[in-house]
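What follows is one structure encoded as structure tokens, with my remarks underneath.
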Amino acid sequence: MTVDHLNQLLLVCSLVLLIAVAAVRISSRSGLPSLLIYLGIGVAIGQDGPGGIVFDNAELTQLLGYAALVVILAEGGLGTKWKEIRPALPKAALLSTVGVAVSVGVTAAGAHYLAGLEWRQALLIGAVVSSTDAAAVFSVLRNVPLPSRLTGVLEAESGFNDAPVVILVVAFSAAGPVEHWSALLGKIALELAIGAAVGLAVGWLGAYGMRHVALPASGLYPIAVMAIAVSAYAAGALAHGSGFLAVYLAAVVLGNAKLPHAPATRGFAEGLGWIGQIGMFVLLGLLVTPHNLLGDIVPALVIGMILTIVARPLSVFVSLLPFTMPWQEKTLLSWAGLRGAVPIVLATIPMVTKIPGSEHVFNIVFVLVVVYTLIQGPTLPWLARRLRIGDADGTEAADLGIESAPLERLRGHLLSTSIGPASRMHGVEVSELRMPKGAAVTLVVRDGSSFVPSPATVLRHGDELLVVATDPVRDAAERRLQAVSQGGKLAGWLGTGATHGHGHLRGHRREGR
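In numbering that gives the first Met the number 0, the protein residues as written are 0 to 512.
Laid out in structure tokens, this is it:
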């Protein structure tokens, strides 16, 4: 590659990014998942589109897709609230194992008997499409006000189920006969256990290090956090475990560890996640050849119908039999099993290993994902309303976002937060915050101007607070701000406070120096 080629590549990539960013607004208004627009951009600049770019490197697509998925899972984990997914872990674990097995079996049987595929191709398609896509789920859930008990299940499932599905696809794509089922199940269990152990260990060590090392610039914190999350993937994969599970769990630990500059870190990770999504979807759109899809449309529609109407609901209802859940919630979980780039990336694995009929499998998966994402994504809010599920008014109190910056030489911390529209801190006097000894509200920014508050200053929606806390009371100060935001001035006295709804904050070590 010459410098001229590099200049052309940078121009094309920057233009694609700008178009994709503009397309996000179209996506948010139309309700269409953004992945469809990004896939469309890839198809448009491909060999059958105006761009005319010929690209058929499945191996490169697979490698870059894996890298993008690592970033997307890290971003999703950093934004996942532990108190929401903790109750959902047993459900998500069963959906990611038992549910995947049911979905693979039912979908493969339908692909074989109804679509006429031979068994290896049918099993490959069943495994590939049984994974819900983290990017699609995280993207849609941002715009659908579902209860936290359901969003926790969906987020955890999308973070967990990539691991067993990847193992199944690799096994079905290997040359020769498929491993014995008992050996395959044992391999899945071992890789999941290794990935979970590595992810939790790396996340805990990374959080401990980030809380005890003051970096010279705030911009280094997001880079360090993402590097820790990616290292969890690499360590898990090198240990012959599930790297995808490792990176997700490490990111969940880091995202809930109250690290310095946490909001800035989440913003940085979200930006990287968007780049990963855009690059992955555009590349997958480039890889597909539209004129080769015509013969695979009917099988894709048949298999997609089996997956959506039979396999996914059956996997949800079977997996959740041990739990008491209303049928309405199970129905919504069935419909919210969104597919996205992950199945398409996994469909490149048999192409790389040159399994007979692998291009046929890729085309079917591509058409299936596009058509059924186009159906499921926009209709999910409508279904939630019909089933009377969700926070329709958006009045559920959200956690208070608190920015923390360590003051190493002063052995203290500078906390900043904004009072949002759902916060019950509105109307509370500064003295009624009852901050712990060693912490004080030192500055209030209101309507663009700042002032030092008095004990009688009444806080309002939109205020930004600057709180200085000594090292030993930093966590207590943050817990108090969270409690008042959710419970009002009487938080703690009426059972709403650090011991109610914020138990996940207990046990975090102080950020000492």
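Note that the Cβ used here is the ideal one computed from N, Cα and C, for glycine as well. All of these numbers come straight from a predicted model, not from anything done at the bench.
- Taking the CA atoms as reference points, E328 sits about 20 angstroms from K80.
- Counting only residues of its own chain and dropping the five nearest sequence neighbours on each side, A256 has a CB closer than 6 angstroms to the CB of A206.
- Residue T441 holds the alpha-carbon nearest to the alpha-carbon of L413 among E428, T441 and L432.
- About 6 angstroms separates the CB atoms of D161 and V341; that is less than 8 angstroms, so the two are in contact.
- Taking G151 as the centre and dropping the five residues before and after it, the same chain places the C-beta of E83, I84 and A87 closer than 6 angstroms to its C-beta, in chain order.
- Bounds of the alpha helix (DSSP H) holding S172 are D161 to S172.
- Counting only runs that start and end inside the region 405 to 455, the beta strand (DSSP E) elements of at least 3 residues fall at 411 to 417, 438 to 445 and 448 to 450.
- In this structure V443 does not touch K488 by the C-beta definition: roughly 17 angstroms separates them, more than the 8 angstroms allowed.
- Burial state of I348 is buried, judged by a 10 Å Cβ sphere holding 16 or more other Cβ atoms.
- Residue pairing by DSSP places I52 opposite G45 in a beta bridge.
- By the Cβ test, the region 277 to 293 is in contact with the region 59 to 74, since at least three Cβ pairs between them sit closer than 8 angstroms.
- Residue pairing by DSSP leaves E83 without any beta bridge partner.
- Comparing C-alpha distances from A195 to each of P163, L331 and T131 shows the shortest one belongs to P163.
- In the three-state reduction of the DSSP assignment, V341 falls in the helix class.
- The criterion of a C-beta distance shorter than 7 angstroms is not satisfied by V246 and A268.
- Positions of the alpha helix (DSSP H) runs, each at least 4 residues long and wholly inside the region 211 to 286, are given as 219 to 237, 242 to 254 and 261 to 286 in order along the chain.
- Residue pairing of E328 in beta bridges, as defined by DSSP: absent, with no partner found.
- Where A468 is concerned, the enclosing beta strand (DSSP E) starts and stops at E463 to T469.
- As far as DSSP is concerned, V99 takes part in no beta bridge.
- DSSP places V483 within a helical segment (H, G or I) once states are collapsed to three.
- It is roughly 30 angstroms from the alpha-carbon of D47 to the alpha-carbon of G270.
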